[in-house]
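Peer 1:
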């Protein structure tokens with residue numbers, strides 16, 4: 001790296017750190033076993049009026065002012081340098097304290113470019129993939145997002161920094177409970193978690209502007225396509241649940257026609273639940 005490049009990186013880091021505020025010592029990390037009260041999704045008829053500002057994530061938890069240098073380096077070196085350029089996505093990734101979503105024993109690796117185990121055979125995705133998938137959704141401030149596979153809830157938090165509301169479904173009740181507690185502690189008042197089979201989406205909260213699937217399957221479940229708004233986008237890893245998969249971007253036009261486009265090879269944990277039940281065909 002020449003002197004000019006070093007100066008550019010240094011200035012970028014300085015700007016990000018100024019925006020982030022001071023960095024404090026001592027990381028606050030996610031609980032591995034505690035369970036707490038769930039975030040409650042708004043009931044029908046209780047949605048905020050369009051002329052009112054929707055609830056936004058609160059950044060008062062100490063974790064947001066910690067590890068600013070690590071997050072800045074992560075965004076610049078792992079994400080922006082590899083082609084993710086959407087400013088909303090980059091801002092969200094710099095804002096969300098990834099160390100608050102990983103286990104205590106993984107703190108030193110919280111901002112490394114790799115997935116990390118979160119228990120129960122599940123992982124938190126590497127930062128680059130989180131950034132890539134978020135950018136592909138083209139989220140707007142009024143977007144309503146469905147996530148299938150809450151996991152650590154890191155991806156849901158990143159989306160919630162951009163979108164109006166995020167509804168996330170996790171089939172493993174223990175992970176759903178811990179995600180609810182974590183998101184509540186961190187002030188993500190616009191993320192709603194449900195313990196259920198993501199194959200069926202979240203029917204009562206449809207339609208969605210964007211759907212993100214963070215577990216691999218051989219196909220996109222029909223309920224998810226039906227719950228997507230015209231003009232909406234789905235991103236999902238498709239392929240063998242036990243081998244390499246491909247990220248696929250699916251779009252629906254105003255007439256309901258669905259198109260797909262292959263993006264890049266990935267590897268995710270398999271989707272479980274209804275997706276694993278073979279379809280019975282007649283004679």
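Residue numbers (the working numbering): 1 to 283. Where a beta carbon is used, it is the ideal one built from N, C-alpha and C, also for glycine.
1. Around the C-beta of residue 171, are 16 or more other C-beta atoms found within 10 angstroms, so that it is buried, or is it exposed?
2. Span of the alpha helix (DSSP H) holding residue 144?
3. Do you know whose CA, among 52, 64, 109, lies nearest residue 186's CA?
4. Tell me which residue opens and which closes the alpha helix (DSSP H) that residue 173 is part of.
5. Residue 242 by DSSP, collapsed to three states: which one?
6. Any chance the stretch 151 to 167 sits against the stretch 93 to 106, with 3 or more Cβ pairs inside 8 Å?
7. Identify whether residue 52 lies in helix, strand or coil by the three-state DSSP scheme.
8. Thinking C-alpha only, which one of 230, 245, 270, 128 is nearest residue 259?
9. Look at the alpha carbon of residue 128 and the alpha carbon of residue 84, and state the distance between them as a whole number of angstroms.
10. When you compare only the Cα positions, how much space is there between residue 131 and residue 205?
11. Rounded to the nearest angstrom, how far is the Cβ of residue 175 from that of residue 151, given a contact under 8 Å?
12. For the alpha helix (DSSP H) that contains residue 226, what are its first and last residues?
13. Helix, strand or coil: which one does DSSP assign to residue 9?
14. Can you tell me where the alpha helix (DSSP H) holding residue 87 begins and where it ends?
15. Does DSSP classify residue 196 as helix, strand or coil?
16. Rounded to whole angstroms, what is the Cα-Cα separation between residue 214 and residue 70?
17. Taking residue 217 as part of the beta strand (DSSP E), name the residues at either end of that continuous run.
18. For residue 80, which three-state DSSP category applies?
19. Is the number of C-beta pairs between the stretch 233 to 242 and the stretch 263 to 278 that are closer than 8 Å three or more?
20. For residue 153, which three-state DSSP category applies?
21. How big is the Cα-Cα spacing for residue 87 and residue 120?
22. Which same chain residues, not among the five before or five after residue 254, have their C-beta less than 6 Å away from its C-beta?
23. Which residue's Cα is closest to the Cα of residue 168: 195, 256, 114?
Peer 2: Well, looking at it:
1. Translated into the one-based positions of the chain shown, residue 171 becomes position 171. Under a 10 Å Cβ-count criterion, residue 171 is classified as buried, with 16 or more other Cβ atoms of the shown protein chains found around its own Cβ.
2. Taking the chain shown and counting its residues from 1, one reaches residue 144 at position 144. No alpha helix (DSSP H) contains residue 144, which is instead part of the beta strand (DSSP E) from 144 to 148.
3. As a position in the chain shown, residue 186 is number 186, starting the count at 1. Here the closest residue by C-alpha is 64.
4. Translated into positions along the chain shown, residue 173 becomes position 173. From DSSP, the alpha helix (DSSP H) with residue 173 extends over 173 to 186.
5. Translated into positions along the chain shown, residue 242 becomes position 242. Note: residue 242 maps to coil in three-state DSSP.
6. In short, these stretches touch, since the Cβ pair count reaches three.
7. In the chain shown, counting from the first residue as 1, residue 52 sits at position 52. In the structure shown, residue 52 adopts coil according to DSSP, grouped into three states.
8. Your numbering for residue 259 matches position 259 in the chain shown. Of the candidates 230, 245, 270, 128, the one whose C-alpha sits nearest the C-alpha of residue 259 is 230.
9. Counting from 1 along the chain shown, the entry for residue 128 is found at position 128. Counting from 1 along the chain shown, the entry for residue 84 is found at position 84. Answer to the nearest angstrom: the Cα atoms are 8 Å apart.
10. Position 131 of the chain shown, counted from the start, is the residue given in the question as residue 131. Position 205 of the chain shown, counted from the start, is the residue given in the question as residue 205. Residue 131 and residue 205: Cα-Cα distance of roughly 25 Å.
11. The count along the chain shown starts at 1 and reaches residue 175 at position 175. The count along the chain shown starts at 1 and reaches residue 151 at position 151. Confirmed, about 6 Å.
12. In the chain shown, counting from the first residue as 1, residue 226 sits at position 226. Where residue 226 is concerned, the enclosing alpha helix (DSSP H) stretches over 222 to 226.
13. Against the chain shown, residue 9 aligns to sequence position 9. Here residue 9 scores only 45 on pLDDT, less than 50, and its place in the model is too uncertain to base an answer on.
14. Residue numbering aside, residue 87 sits at position 87 when the chain shown is read from its first letter. Start and end: 87 to 95.
15. Translated into the one-based positions of the chain shown, residue 196 becomes position 196. Residue 196 sits in coil when the DSSP states are folded into three classes, being neither helix nor strand.
16. For the purposes of this step, residue 214 is identified with residue 214 of the chain shown, where counting begins at 1. For the purposes of this step, residue 70 is identified with residue 70 of the chain shown, where counting begins at 1. Approximately 24 Å, taken between the alpha carbons.
17. Translated into the one-based positions of the chain shown, residue 217 becomes position 217. Residue 217: not part of any beta strand (DSSP E); DSSP gives it neither H nor E.
18. Taking the first residue of the chain shown as 1, we reach residue 80 at position 80. The DSSP-derived three-state label of residue 80 is helix.
19. Taking one beta carbon from each stretch, the stretch 233 to 242 and the stretch 263 to 278 have 3 or more pairs nearer than 8 Å; the two touch.
20. Walking along the chain shown from the start, residue 153 turns up at place 153. In the three-state DSSP reduction, residue 153 falls in the coil class, being neither helix nor strand.
21. Numbered from its first residue, the chain shown carries residue 87 at position 87. Numbered from its first residue, the chain shown carries residue 120 at position 120. Their Cα atoms are separated by approximately 34 Å.
22. Counting from 1 along the chain shown, the entry for residue 254 is found at position 254. Closer than 6 Å at the Cβ level, and outside the excluded window around residue 254, lie 230.
23. The residue given as residue 168 occupies position 168 in the chain shown. With distances taken between Cα atoms, residue 168 lies closest to 195.
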